[in-house]
Structures are given as C-alpha cells and as structure tokens.
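Here's the structure we're looking at; comments come further down.
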Amino acid sequence: QEIVSGDSEEENGGVNLMDFSDEILLHILSYVPSTDLVLNVRRTCRKLAALCLDKSLTHTVLLQKDYKVNKDKVKQLMRDIGKEIYQLNMAGCYWLPSSTIDHVTRCKNLVKLNLSGCHVTSLRLSKMLSTLQHLRSLAIDVNPGFDASQLSSECKATLSRVSELKQTLFTPSYGVVPCCTSLEKLLLYFEILDRSREGFMLSGQLMVGESNVPHYQNLRVFYARLAPGYVNQEVVRLYLAVLSDRTPENLHAFLISAPGSFAETGATKNLLDSMARNVRLDALQLPKAWINGSGLLQHLKFNNPFYFSFSRCTLSGGHLIQRVINGGKDLKSLTSLNLSGCVHCLAPESLFRKAEDDIDSSILESLVVSCCNLRHLNLSAAHHHSSESIGNHLCQLLSRLKHLLSLALPVCSITNVAANVEKPPTASNLVPQTFGRKVRIGIQTCPRNLADQANQKIESSVFWALMGSLRFLETLEIIGSSFSSAMPRNEPAIRNSLPPCVRAQSVGDSEVAAISQLTYLQSLTLAQLPNILTGSGLVSIGLQCQQLRTLSLANLGMMGKVGYMSALMDMLKHCKCLRDLRLEQPYFCAGAQFFQALSHCSALQRLCIVSRSGTLQSDAVMSFMANCLEVIMCHMFMGESLTACRNLQQSIVRSFQADRPALNVVIFPLLHEDLTEVIRDVPMRHLDEITLFKSRVAEEPPNLWW
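If you're matching positions, the sequence shown starts at 1 in UniProt numbering and goes up one per residue.
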C-alpha cells in the first residue's frame, strides 16, 4: 500500500513504483493475469485503475493457464471489459462449468476465440456464436452428442465468416466445418477412441445428417493430427476426400501427423498428384507410408518453406539433399525441421545400411549450410553415430546453427568418438539393464563437487563445446534411441524396455553438467542415459539454469536403483521457476525427503511420476500438496495397491479441491489392467503436455495457432 499510494518512500532514495512512466508500468502489468488486473490491481489506486483498462492489456485476454480462475471471476471479467476484448483464449479450462460460456456473449467485438478443452454443447455454441458477428478465428471440441442441426441460422452466418478453425474431434463428425465456407486455415485433432466405455467397437462413419461437404476452395493451411486408432484414420479420410476432388490453388501448408501405419489409398494418391501439379508448399508433413518408396518429394514444388517433418520415414540423406534442398539449395527460410525416427536421414543411401552405421558428415554439413537459420531441429529416435574424422562430429557441425532455440538429439550422438575408440566398452558398461538380480560391478570414480567435475571435464568434449555455442537454446531433449515410455497411449503399460545403444554407455554425469552452460534453458528432457552414477550434473543445472520451467527425467543410470536421488533433491532446491516435473524411473521412492526437497519449487504446478515397483508415502504427499499452493495436477502411476492409490487420491481431492478449482489428481497402479480407462479421463491439456512422454521439438510448425 505504501508503494502504490506514494505516501511513503525509504529515506535512502528508494524508488516509488508510481514514478515509473506509463510505458514501463504497462509492460510490467502485461505479465499480470487478466483476472488479477481487472478484479484486483485496478482497485488499488486511480493511476493503476486507468492503466489496467488500457487497450494493450484488454485487447487480448489469456485464461488458458490461469488455474485460479473460476466461473464467478469470468462472469465479472466479462461484465467489466467484455466489450474491449478482441481475442479470448480459454483453451484447456476444463474445470469451468459449461454455463461459463454463456458470459462470452458479452464480448461483442471478439475476433479470435479459443475454447479447446472447454465443455460446450451444440445449443450453447449456437447461442454464443449468434452474437459474435465479428468472429474470424474459432477453436472448439466436438464431443459425443454434438448435433449440427441444432445450430441456428445466425450461428451459421457467423461460421460462414470464420477463416480459421481448430477442431478437436472426440466423436466421428464434420463438426462445424461444413458451415465454414470461408476457411483459410483448418486444424483438425482426431482423438476418437476405437472402443466405447462399454467396450463396443466404434465406426468411422459419420452420424446421420452429417453428409454436408466441407468447403476448401480458399484453404491455405490444412493440418491433421491423429491419435492412435483405426477410427481416426477412417474419419480423416472423409475430410481428405473433398481435397482429392479439387485441390485449393492457394494451399501452401499441408500437414498430416499420423502414428503407426496409415496406408496410402487411391484418393490420397490423387490428392498428392494434384498437389504436385498445382501448388507450391511452404510447410509439409506426411505419414511415412506416403513417402517411403515413392518419388513424391521429387515432384512436389516448394516456395519459401519454413517447416518440414519427415518423422519416422525411411528417407535417406541422399534423397533429403537431392529432393528437398536440391543439392545444397539456399533454404534460409526453413526454421523448423523434424527428422525424428528418420534413421537413414544422415546416410547417402539406406538399401544396404544398418541403422547403427556411422553417418555421412557431408550430408549433415550440407544441411547445416543450406538451412543456416534453423530454430528448431529434431534428430531423436535414431542412431546418429559420428565417424573418427576430425572436425566432422555431429556436435561440431550443429554448433554452426547459432539461431537454434530447441534441439532434440539421441544420446549416442553426443558421445566423444575418440573416447569410444581408445576405450572400448567395458564389461560393466555392457551389463544389460534389466529388472532381474543385480550384478555388482566396479564403480567409476566420480567428482564429489561441482568444482572437481568442471576440472575433470575434457576440454575437447564435443558436447561441452556444442552447449557452449548454443547459449540461447531454450529447449533441449537428449533421448536414448531405443527408449520407450512405460506409459503408452492406448495400450497396457510396457513391462520391458530395450537396452541402450552401446555408444550411449559412456554418456553420464559430465555430459549432463555441460548442459548447465545454457543460461536461458526453459525445458529439459533427459531419457535413457545409462552412465548416470551420482547425478552430480543435475545440481549444476539447478544452479545455473535459473529459468528452467519444465523438467522431464526418465530411466537415468541403472534401472534397478535410483542413484541420482540425492543430486535430484539438491537440484530441486534451486529450481524456483520450475512449473512442470515429470519423473519416470523404476523403483522410485517418493518419500518424505523427496517431497520436502520438491516443496522448494514454489512455482510448481504439475507433477507426474511413473514408476514400476515405485513406492510413495501418503503423508509426505499430503504435506507437499499443503505446502505447494500452486500445484493443480498430481499424477502418480506406481507400484502401490489400488486401495492405497484410491485412498490417497480421495484425500487430496477432499482437502484441496475447494481452493484449487483446476485440481486434477490421478493416482493409480501402473500395471493395472484398467489403466487405459483411467487415462482417457485425463484432461487433454495435461495428457498431451506432460503425462505422456514424447519428443516435442518441431512437433508442429511454429505459431501454428495463436
């Protein structure tokens, strides 16, 4: 109150906040959630009352991760500034009742509206859209029970003016697509399950009355992401059928992300042939079966491409250079490239090559030179082994990409080749990482503190040099090429995992310590690093990477022992900005000491622990939830009994749900047969962003949606 009112200042020349210029105050206020600005800060003094209603702060309202917002706050917010809002993002507000949407009708001037993850019925959608005559961008979910016949003529008139539509489908349907006759950007997320809750097989046929044809004549961007399942494939083919008849002339981005096998049909082949003849693309992603063994890339034409994804394709490096970048063509426009699971992309040919053979450094060098402005690069899920040639290591070549913001690499690609050549893998390194009886082996000498670790690092370490050259990197993923999470999407938990690559056996604490050079690091994923002994590098990251917000650790060190627990607890004490933590490790003990250390992460919002045969201490969990007031998601899939899990889950919900409206708690045995049924009830935001493990670098084109 003293600072805001200006009645008192420190005698030693302390600065009064109100003495700052309006421009500086507006910049500061832009970091405050909209609900706090309008409902709290605005009422402190006259100056702030005026600034909080500035157009720069009310034009765009973001509620998508304001986990403290409730129905009453939304109602009051819309009353106070509804007419001033032009862009409203409520994506993932799963905890708000559907009646909350009724208050959006006060925002008469809305141009962009994101309701993905919100509960919206056909009738409520119709009533709301009937009043939003200026709407041009819309994102919604289509759930079972959606009926397009309930949309009023006024609603359809609004939809006819919408040019951008993002639609998440949980049931076979066209949704509102047939009503959107002016579409320029269409994003489709297919989340339809193959079986109903009762166990009945679902059909990909659209419901009665859904035979209207989508209008694609003005389409510029088509994006479809499919969850696993044949029904999703059947439904997306219905959307593509119209495109195959007549390809839009202005189409410049065509992207389909499909897991597993998604076979090419006559209709899709006609579509691709038509695209090759009539359009020039800036962004491309296709299912692997549509690219493998075909000459499609040779015929497609590109304008100024900014995004390519060839994830899981058998595309060879020779084809990549010849057909995509035309033997070294200038591709400075390319900012995002996904080659995840593309095992031969850095080899001249794939016919007689083994996945573990050395890469051809000249191919990577051509890629780096041609695509010098890359900001997002994914090379994970493959064995990219460098040769002994001096100066041609993968890390050395990647260090030239000075604009990189996010990078995903396999563990075996960052090891020093010279070290592997001089010191072949020892017997201890080759011991299979199984859950069986442990064999005691010799333990390497480890540094006892960070200073020793820094002194022992090899100055010629290629990975250390790479981290030093990418000082502005914000996202880093180092994932074992054979790693698979124990939490798959629609199947039972995986009980066994493949052993790590032989070359990855030497990657351990010193490589992890090298990551601490990334001062601006915000998201870090480490998975299947077999030589983690003490985890001392984690402490270095906690001390140096003060902007770290997301941390995911999986299968580090020996599988039967969590050797890095002490270092992890030390690390967490320094992670003041950490919001999301995901841990996946067999035999993980989530006890009082762990949760006490985790309580230092005052900004933590989401916690997920996946551990086969793991244990937890209920009292420690309850104490942690009481101390960390920002936590709204607690997912634990461990080895405890079903009864113990249910009791703890119910206790957390009873104790904290009232004060945390967005609280989502799932505590369940990892190997229980009903795990998939439990997973389907998890809000898509949490499931997609943290609960399920996946590589997220270059997963989608940058700025795909606002």
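Note that beta-carbon positions come from the ideal geometry of N, C-alpha and C, so glycine has one too.
*Best match in S34, T44, E700, V411 for proximity to H376 [C-alpha to C-alpha]*: E700
*To the nearest angstrom, how far is it from the Cα of V512 to the Cα of G563?*
15 Å
_Contacting residues, own chain, Cβ-Cβ under 8 Å from R280 (five flanking each side not counted)_ = H252, K301, F302, N303
*Using the DSSP secondary-structure output, state which residues sit across from D580 in a beta bridge.*
T550, R606
_Segment limits, alpha helix (DSSP H) that includes Q233_ = 230-245
*Do three or more CB pairs link the stretch 281-296 to the stretch 239-249 at distances below 8 Å?*
no
*asked:* Please return the same chain residues whose Cβ sits closer than 8 Å to the Cβ of M275, not counting the five positions on each side in sequence.
replied: T247, L251, F254, L281, L300
*asked:* Taking the alpha carbon of S173 as the reference point, which residue from G145, D72, G199 has its own alpha carbon closest?
replied: G145
*Short Cβ contact (7 Å threshold) for L548 with L521*: yes
*Given a threshold of 16 other Cβ atoms within 10 Å of its Cβ, counted over all protein chains shown, does R79 qualify as buried or as exposed?*
exposed
*Can you pull the DSSP bridge partners for Q285?*
L255, S309
*asked:* So if DSSP puts L524 in a beta bridge, which residue, or which two residues, is it bridged to?
replied: L476, L551
*Endpoints, the alpha helix (DSSP H) within which S333 is located*: Taken as a continuous stretch (DSSP letters only), S333 belongs to no alpha helix (DSSP H), as it is neither H nor E.
*Just the C-alpha distance for S137 and V162, rounded to the nearest angstrom, thanks.*
6 Å
*Drop a sphere of 10 angstroms on the beta-carbon of M625, count the other beta-carbons inside from all chains shown, and report buried for 16 or more, exposed for fewer.*
buried
*Near F306, which residues of its chain fall below 8 Å by C-beta distance, leaving aside the five closest residues on each side in sequence?*
D282, A283, S333, L334, T335, S336, P701, P702
*Under a Cβ-count criterion, where at least 16 other Cβ atoms within 10 Å of its own Cβ denotes burial, should H403 be classed as buried or exposed?*
exposed
*Measure the C-alpha to C-alpha separation of F310 and D681 and round it to an integer number of angstroms.*
31 Å
*Contact belief for N89 with L62 at Cβ below 8 Å, rounded distance in angstroms*: 5 Å
*Classify S641 as buried or exposed, calling it buried when 16 or more other Cβ atoms lie within 10 Å of its own Cβ.*
exposed
*Hey, out of Y31, L26, H59, whose CA is closest to A50's CA?*
L26
*asked:* Using a Cβ-Cβ cutoff of less than 8 Å, which residues in the same chain neighbour F308 once the five nearest sequence positions on both sides are dropped?
replied: A283, L284, Q285, V324, L334, S336, L337, N338
*Contact check, C313 vs N292 under 8 Å by CB: the rounded distance?*
6 Å
*Rounded to whole angstroms, what's the CA-CA distance from L183 to G117? Just pull it up for me.*
22 Å
*Assuming E630 and L670 form a contact by the criterion Cβ under 8 Å, report the distance between their Cβ atoms to the nearest whole angstrom.*
That pair is no contact at about 26 Å.
*G260: buried (16+ other C-beta within 10 angstroms of its C-beta) or exposed?*
exposed
*What first and last residue would you give for the alpha helix (DSSP H) that runs through V177?*
No alpha helix (DSSP H) contains V177, which DSSP labels as neither H nor E.
_Per-residue DSSP class, three states only, for D674_ = coil
*In three-state terms, what does DSSP make of V279?*
coil
*Return helix, strand or coil for A451, following the three-state DSSP convention.*
Because A451 sits at a pLDDT of 46, beneath the cut-off of 50, its placement in the model cannot be relied upon, and the following sentence gives the value as read from the coordinates. Note: A451 maps to helix in three-state DSSP.
_If distances are taken between C-alpha atoms only, which option among D580, V621, V411, K576 comes closest to G557?_
V411
*Helix, strand or coil for N303, going by three-state DSSP, please let me know.*
strand
_Restricting to Cα atoms, I'd like to know which of G295, L533, V507, G537 is closest to G560._
L533
*Report back the beta-carbon spacing between I690 and L663 to the nearest angstrom; my notes put them in contact at under 8 Å.*
Contact doesn't hold; Cβ gap of about 15 Å is too wide.
_From the DSSP secondary-structure annotation, give me the bridge partner or partners of A493._
According to DSSP, which records beta bridges pairwise, A493 is partnered with nothing at all.
*Pick helix, strand or coil for F594, following the three-state DSSP scheme.*
helix
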